[in-house]
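*Asks:* The sequence shown runs 8 to 597 under my numbering.
Heads up, the beta-carbon is just placed ideally off N, CA and C, and yes, glycines get one too.
Predicted model only: the values in this text are computed from it and were never measured.
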Amino acid sequence: MKLPHTALAFLWHFVQRQYIAFSIIIFTAMIWVTNETFFPFFLKLIVNKLQNFHGDPHTVYSYLSGVLILLISFWVVTEILLRIQGLITVFAFPRFRANIRETVFNYVKSHSHEYFSNNFAGRIAQKLADLPTSCQAIMEMVCFNFITALVGACIVLFMMWHTKPIFALIIIIWLCLHIGLTSIFIRFGNQSWSIHSDAVSVLSGKIVDIFTNIPSMRLFARGEFETNYLKTFQADEIAKSRRAMLLMELTRIGLGMSGLFLIFSMIFLLIYSWANHWISIGDFTQVGMQTFWLLGWIWFVSFQMTVFARELGTINGALSIITKGHDVVDCKDAVPLHVTKGEICFDRVTFNYQKNLPIFNDLNVKLIAGQKVGLVGYSGSGKSTFVNLILRFYDLNSGRILIDNQNIAQVTQDSLRSQIAMIPQDPSLFHRTLMENIRYGRLDASDEEVIAAAKLAHCHEFIEVLEDKYQALVGERGIKLSGGQRQRIAIARAILKNAPILILDEATSSLDSVTEKLIQESLQLLMKNRTTIVIAHRLSTLADMDRILVFHKGKIIEEGTKEELLAAKSHFAMLWNMQTDGFLPERTQD
Numbered sequence: 008m009k010l011p012h013t014a015l016a017f018l019w020h021f022v023q024r025q026y027i028a029f030s031i032i033i034f035t036a037m038i039w040v041t042n043e044t045f046f047p048f049f050l051k052l053i054v055n056k057l058q059n060f061h062g063d064p065h066t067v068y069s070y071l072s073g074v075l076i077l078l079i080s081f082w083v084v085t086e087i088l089l090r091i092q093g094l095i096t097v098f099a100f101p102r103f104r105a106n107i108r109e110t111v112f113n114y115v116k117s118h119s120h121e122y123f124s125n126n127f128a129g130r131i132a133q134k135l136a137d138l139p140t141s142c143q144a145i146m147e148m149v150c151f152n153f154i155t156a157l158v159g160a161c162i163v164l165f166m167m168w169h170t171k172p173i174f175a176l177i178i179i180i181w182l183c184l185h186i187g188l189t190s191i192f193i194r195f196g197n198q199s200w201s202i203h204s205d206a207v208s209v210l211s212g213k214i215v216d217i218f219t220n221i222p223s224m225r226l227f228a229r230g231e232f233e234t235n236y237l238k239t240f241q242a243d244e245i246a247k248s249r250r251a252m253l254l255m256e257l258t259r260i261g262l263g264m265s266g267l268f269l270i271f272s273m274i275f276l277l278i279y280s281w282a283n284h285w286i287s288i289g290d291f292t293q294v295g296m297q298t299f300w301l302l303g304w305i306w307f308v309s310f311q312m313t314v315f316a317r318e319l320g321t322i323n324g325a326l327s328i329i330t331k332g333h334d335v336v337d338c339k340d341a342v343p344l345h346v347t348k349g350e351i352c353f354d355r356v357t358f359n360y361q362k363n364l365p366i367f368n369d370l371n372v373k374l375i376a377g378q379k380v381g382l383v384g385y386s387g388s389g390k391s392t393f394v395n396l397i398l399r400f401y402d403l404n405s406g407r408i409l410i411d412n413q414n415i416a417q418v419t420q421d422s423l424r425s426q427i428a429m430i431p432q433d434p435s436l437f438h439r440t441l442m443e444n445i446r447y448g449r450l451d452a453s454d455e456e457v458i459a460a461a462k463l464a465h466c467h468e469f470i471e472v473l474e475d476k477y478q479a480l481v482g483e484r485g486i487k488l489s490g491g492q493r494q495r496i497a498i499a500r501a502i503l504k505n506a507p508i509l510i511l512d513e514a515t516s517s518l519d520s521v522t523e524k525l526i527q528e529s530l531q532l533l534m535k536n537r538t539t540i541v542i543a544h545r546l547s548t549l550a551d552m553d554r555i556l557v558f559h560k561g562k563i564i565e566e567g568t569k570e571e572l573l574a575a576k577s578h579f580a581m582l583w584n585m586q587t588d589g590f591l592p593e594r595t596q597d
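(1) Go ahead and pull the three-state DSSP assignment for P101.
(2) With DSSP collapsed to three states, give me the class of C352.
(3) Who are the Cβ neighbours of I357 in its own chain at under 8 Å, not counting the five residues just before and after it?
(4) Counting contacts by CB-CB distance shorter than 9 Å, is W82 in contact with chain B?
(5) Would you kindly report the start and end of the unbroken beta strand (DSSP E) that includes D512?
(6) Helix, strand or coil for A557? Go by DSSP, reduced to three states.
(7) Is the region 541-555 close to the region 339-352, with three or more CB pairs under 8 Å?
(8) Give me the Cα-Cα distance between T189 and L267, rounded to the nearest whole angstrom.
(9) Does the region 32-46 come close enough to the region 87-101 to have 3 or more Cβ pairs within less than 8 Å?
(10) Quick one: is L582 buried, meaning 16 or more other Cβ sit within 10 Å of its Cβ, or exposed?
(11) Give the straight-line distance between the Cα atoms of V457 and A506, rounded to the nearest whole angstrom.
(12) With three or more beta-carbon pairs closer than 8 Å as the criterion, would you say the region 314-330 touches the region 135-152?
(13) Run the proximity test for E471: is its beta-carbon closer than 8 Å to any non-hydrogen atom belonging to the ligand NAD?
(14) Pull up the distance between the alpha-carbon of G378 and that of A428, whole angstroms please.
(15) Would you identify the three-state DSSP class for F400, choosing helix, strand or coil?
(16) Can you name, in chain order, every residue of its own chain whose Cβ lies under 7 Å from the Cβ of S287, other than the five neighbours on each side?
(17) Kindly identify the DSSP beta-bridge partner or partners of L436.
(18) For a test of the three-state rule: what should DSSP assign to R537, helix, strand or coil?
(19) At what residues does the beta strand (DSSP E) containing A428 begin and finish?
(20) Rounding to the nearest angstrom, what Cα-Cα distance links L382 and K560 in this structure?
(21) Considering only the alpha carbon of each residue, which of W285, F400 and N414 lies closest to H333?
(22) Does DSSP classify L374 as helix, strand or coil?
(23) DSSP three-state label for L409, please.
(24) Mind the definition here: the region 94-104 touches the region 51-69 only if three or more C-beta pairs lie below 8 Å; say whether that holds.
(25) Can you name, in chain order, every residue of its own chain whose Cβ lies under 8 Å from the Cβ of Q531, other than the five neighbours on each side?
(26) Apart from the five residues on each side of it in sequence, which residues of its chain come closer than 7 Å, Cβ to Cβ, to F151?
(27) Would you call the CB atoms of M146 and F29 closer than 9 Å?
(28) At which residues does the beta strand (DSSP E) containing I563 begin and terminate?
(29) If you draw a straight line from the C-alpha of D588 to the C-alpha of I214, how long is it?
(30) Count the other CB atoms, across all protein chains shown, that sit within 10 Å of the CB of K9; report buried if there are 16 or more and exposed otherwise.
(31) Under 8 Å by Cβ, that's how I've got Q207 and E233 pegged, so tell me the actual separation to the nearest angstrom.
(32) Compare the Cα-Cα distances from L398 to each of D421, S388 and H438 and report the closest residue.
(33) Which of the three DSSP states is assigned to H20 in this structure?
(34) Identify whether Y360 lies in helix, strand or coil by the three-state DSSP scheme.
(35) Closer than 8 Å is the cut-off here; do at least three beta carbon pairs connect the region 487-506 with the region 428-444?
(36) Report yes if the C-beta distance between S143 and F112 is below 9 Å; otherwise report no.
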């Protein structure tokens, strides 16, 4: 589902979901403003009647009873409708925010791997947090301020026209001047506040980035450096804020001058009209009160326009990032992937991250079902890209990848990834309990199944020592655990998932030698009868592989068992001899 890219279209998209509630809110607001603008008319009737009253003072109330009953009826009906409006608002606006938040979250989480690599998580979260609040602020202004001002102005103009058309003409001239100035402000103010909102998001992203890397900051004693680094972005935010606020103040000056024009011209004309017997005292009262009411309300709305422009800028700024089109999407007729064997085939695959810098060019390779396949090569040779393409984190330039003769571009992404368990080199955990983090591998798993997986991954031992055991929180990204403990939780999660295809990215690199030996036994059980891909930086981990693929500059230049490759005395043999302490060097020594 695509989201609207402009603020007003975005708002309308969600208003339609609760159109009955918002219609009632707007209707009751219109009733309220009708009551407000008719009050001077009732006062006019009272004044004119009192001016012509010459009877017994004790009978004045019965003399005015018709007008008073009408006035009271208006107020009672309005009060009842406003209470109904309040109750509807209590339910409508929280649901409005929730709809926006849920829809946008679901849209953003479907963005590609590349999208999250190019955008700060803190910046995205800030935009997502600001969007529902700003949308509600806009809707409150529209329902309670702008529509009521418009309806009120129409009623006032109608009533003034029937009193003396000249009064309505003055109001019309003033409204045109006022609306013209306000439109200019919206045009430039919206742009200024959008620029400022983007600066705030960048600043927030930088702050989150620093807090995420607090350990590095402390290890290198870079506290003062980070403070100064942040000052650059803080200064940019301040400059853009001042520019937007200055424009707002200049607008207020113009609107203030237009207000003075209305007041002086209307007072002068009212006095002149009464002196020349064109209007009665009641007309004077009605027109004077309605003018001041309209001026005050329009003036308030004009100030709200500055807030409106700021919130509109915030929404547009958020939409410019959040509603970016998805790079990797399911095709219209995508079907679930069904894995029966686990055979993986790269058929003439061409892929590149950047133009003119191909990673793979016409790559052909088949991984036989149930095989344990090791991937070897220098950093940047294409091993991680090979795995990322199987997971369909990116779309191919050309060619296709088949799993059991099913093109992964024609199956749903969720079904594809549900059939693959991956243990990354540096696993990241949710700030949730250990039980929840392990159960993430299979959400319907029982506590007993979670504990059994934890035992196989040899993390049950350290969990049982914790005060809250499986209910202990692990901290943001699992910071409360050591690297080895996080690795074991990731292995337990993969064991619980029990997928037919397994990918290991140096899954035991963070473990001590004793624990690694125990984990290797569990991994051997996990790899049994599964298509397994092992990215190896430590070549000793390839001893039990059925087949090794040697990558170099995006090409598979050798393949075979460890013994066959060593006997060939070619590239793999060179890598084996070059490894230091069991690990490959970072890049080739040309």
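*Replies:* Checking against the coordinates, here is how it stands:
(1) The answer is helix: DSSP assigns P101 an H, G or I state.
(2) For C352, the three-state secondary structure derived from DSSP is strand.
(3) Correcting the residue identity first, residue 357 is Thr in this sequence and not Ile. Shown here for T357: same chain residues with a beta carbon closer than 8 Å to its own, the five before and five after excluded, namely P365, F367, N368, D369, L370, L403, N404, S405 and G406 in chain order.
(4) The structure shown has no chain B; it contains just one protein chain.
(5) First-last of the beta strand (DSSP E) with D512: I508 to D512.
(6) The question names Ala, but residue 557 is Val in the sequence shown. Collapsing the DSSP output to three states places V557 in a strand.
(7) By the Cβ rule, the region 541-555 does not count as touching the region 339-352, because fewer than three pairs are nearer than 8 Å.
(8) Roughly 16 Å between the two C-alpha positions.
(9) Enough Cβ pairs lie closer than 8 Å, so yes.
(10) Counting Cβ neighbours within 10 Å, L582 comes out buried, since at least 16 surround it.
(11) Using only the alpha carbons, I get a separation of about 15 Å.
(12) Taking one beta carbon from each stretch, the region 314-330 and the region 135-152 have 3 or more pairs nearer than 8 Å; the two touch.
(13) As for the ligand NAD, it is missing from this structure, which has no ligand bound.
(14) At residue 378 the sequence reads Gln, which differs from the Gly that was named. Going by the C-alpha atoms only, they are around 15 Å apart.
(15) The DSSP-derived three-state label of F400 is coil.
(16) Result list for S287: N55, in chain order.
(17) Paired residue(s): R484.
(18) Coil at R537, not helix or strand.
(19) Its beta strand (DSSP E) spans residues I427 to I430.
(20) Going by the C-alpha atoms only, they are around 13 Å apart.
(21) Closest by alpha carbon: F400.
(22) Reduced to three states, the DSSP call for L374 is strand.
(23) Note: L409 maps to strand in three-state DSSP.
(24) With the cut-off at 8 Å, the region 94-104 and the region 51-69 do not touch.
(25) Within the same chain, Q531 has close Cβ partners D551.
(26) Same-chain partners within the cutoff: A36.
(27) Here M146 is near F29, since their CB atoms are less than 9 Å apart.
(28) Note, I563: beta strand (DSSP E), K562 to G567.
(29) Caution is warranted here: a pLDDT of 49 is assigned to D588, below 50, making its placement in the model unreliable, and no coordinate value can be reported.
(30) K9 comes out exposed.
(31) The sequence shown places Val at residue 207, not Gln. Not quite, the Cβ-Cβ distance comes to about 19 Å (not below 8 Å), so this is no contact.
(32) Put simply, of D421, S388 and H438 the residue whose alpha carbon is nearest the alpha carbon of L398 is D421.
(33) Helix at H20.
(34) It is a strand residue.
(35) Touching, yes.
(36) One detail in the question is off: residue 143 reads as Gln in this sequence, not Ser. No. Outside cutoff.
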